[in-house]
Amino acid sequence: MKLDNRFFIAIIGAIILYAIFLMFSDFSEVYGNIINFNIMYLPIILVLVSIGWGILFLRWHLLLKNSGITLPLKKNFLIYLSGFALSVTPGKLGELLKSQIIKANFGTPRSSTAPLILVERLYNLIGMISITFFGLMYFEISSYIIIISAILVIAGFIIISSETLFNKFIKIFSKFKFTSKLIIPLQNSYQIIRKSTRGPIIVYCSGLSIIAWLIELLAVYFVFLGFGIFDLSYFQIVQVYTASIFLGAASLLPEGIGVVEGSLIGLLGVHGIEISTAPTLVILIRILTLWYGVIIGLICLKLTGIFSVSTNEHSTQD
Numbered sequence: 043m044k045l046d047n048r049f050f051i052a053i054i055g056a057i058i059l060y061a062i063f064l065m066f067s068d069f070s071e072v073y074g075n076i077i078n079f080n081i082m083y084l085p086i087i088l089v090l091v092s093i094g095w096g097i098l099f100l101r102w103h104l105l106l107k108n109s110g111i112t113l114p115l116k117k118n119f120l121i122y123l124s125g126f127a128l129s130v131t132p133g134k135l136g137e138l139l140k141s142q143i144i145k146a147n148f149g150t151p152r153s154s155t156a157p158l159i160l161v162e163r164l165y166n167l168i169g170m171i172s173i174t175f176f177g178l179m180y181f182e183i184s185s186y187i188i189i190i191s192a193i194l195v196i197a198g199f200i201i202i203s204s205e206t207l208f209n210k211f212i213k214i215f216s217k218f219k220f221t222s223k224l225i226i227p228l229q230n231s232y233q234i235i236r237k238s239t240r241g242p243i244i245v246y247c248s249g250l251s252i253i254a255w256l257i258e259l260l261a262v263y264f265v266f267l268g269f270g271i272f273d274l275s276y277f278q279i280v281q282v283y284t285a286s287i288f289l290g291a292a293s294l295l296p297e298g299i300g301v302v303e304g305s306l307i308g309l310l311g312v313h314g315i316e317i318s319t320a321p322t323l324v325i326l327i328r329i330l331t332l333w334y335g336v337i338i339g340l341i342c343l344k345l346t347g348i349f350s351v352s353t354n355e356h357s358t359q360d
């Protein structure tokens, strides 16, 4: 498989960005922070992040089952994790690779599975908005971010509620080069998306999304504890972390690289975290919650045995 050049650009960009963050920090402070990190928390953090993946996979499995698609559980889990490999592509377009792998292995049309990846994004947003409400009392700016995100979710459900609106949405955004790569595979997929956002499935998937976010946030909380930061409560960290993730998503950059890190450092400063500590803390959070998944995804991608398939193939025909 030939990895998309944007994947390597994202990695190089992240390395440069982290180097800049550390360059403007006191190296003795950075070194001290790293040395003083309580390594006992690391296994807990990695286990929590991995459990979160398991919750998200269960949501994916339910979405497939709800659409009448049945895949072998172990193979499906491997394919799901493979999607993490290209999660750092713009808009997570690389996750559409899951549809290609499923088609290559089981012959299931991409038009049947690609819409579910969009539905996953919608449920992620629902989960994040839901848990952020719990901590509004700690961080006022989050209310504005939540309102904007809630409007987007409502707009999404309005579009999905009408086949006419949905088709108009597809037609408009398929004209733009950047969005066409995500939108074109969704043509003629209205019934799949509607079925995935109606009835009991919306309750199950929303619940699993909330649980997955709570687990990831717990992992982030343990990173703070590992650095000996006990002044921030769990719900304060919920507000700071989710606000930075929202801002990163709004930037449309791959995984919000740069925006998430910069905003998180700034928001931590508001809560009294020293500027000499914040960059090291933020970089470790991103390594454990983002890049750990990318590495695992690349390993799983290799195990799927489709390295002869180029990710630059964007044919919409099944």
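In terms of my numbering, the sequence shown opens at residue 43 and continues consecutively. For every residue, glycine included, the Cβ atom is placed at its ideal position computed from N, Cα and C. If you're wondering where the values come from, they're calculated on a predicted model, not measured in any experiment.
Going by DSSP in three states, residue i sits in which element: helix, strand or coil?
i      : result
Phe148 : helix
Arg240 : coil
Met179 : Residue placement at Met179 cannot be trusted, given a pLDDT of 49 that sits under 50; what the coordinates show is reported in the next sentence. Helix.
Gly268 : helix
Phe79  : coil
Gly290 : helix
Ser275 : coil
Val130 : coil
Leu295 : coil
Thr319 : coil
Ile111 : coil
Ser172 : helix
Ser203 : helix
Quick one: residues in its chain with C-beta nearer than 7 Å to the C-beta of residue i, no 5 flanking neighbours on either side, listed in chain order?
i      : result
Arg236 : Ile202
Ile327 : Val262, Val265
Leu332 : Glu297
Ile86  : Phe264
Phe148 : Leu113
Phe99  : Phe119, Tyr122
Glu137 : Gly125, Leu128, Ser129, Ile159
Return yes when the Cβ of residue j is within less than 9 Å of the Cβ of residue i, no when it is not.
i      : j      : result
Ala285 : Ile190 : no
Ile93  : Ile287 : no
Leu306 : Tyr283 : yes
Ile252 : Ile173 : yes
Gly125 : Ala254 : no
Leu362 : Leu104 : Since the first residue shown for the chain is 43 and the last is 360, residue 362 is missing from the structure and cannot be characterised.
Please report the residue range of the alpha helix (DSSP H) in which residue i lies.
i      : result
Trp95  : 83 to 108
Leu120 : 115 to 124
Leu343 : 334 to 345
Leu309 : 301 to 312
Keeping to the same chain, check which residues put their C-beta closer than 6 Å to that of residue i; ignore five residues upstream and five downstream.
i      : result
Leu84  : none
Ile243 : Asn108
Ala320 : Ile307, Leu310
Thr239 : Ile202
Leaving out five residues on either side along the sequence, give the residues of the same chain with a beta carbon under 8 Å from the beta carbon of residue i.
i      : result
Leu120 : Cys342, Leu345, Thr346
Lys140 : Ile121, Tyr122, Ser124, Gly125, Thr155, Ile159
TODO: Would you check if there are 3 or more beta carbon pairs closer than 8 Å linking the stretch 294 to 303 to the stretch 322 to 338?
DONE: yes
Task: the stretch 335 to 345 / the stretch 268 to 277 touching (three or more Cβ pairs under 8 Å) - done: no
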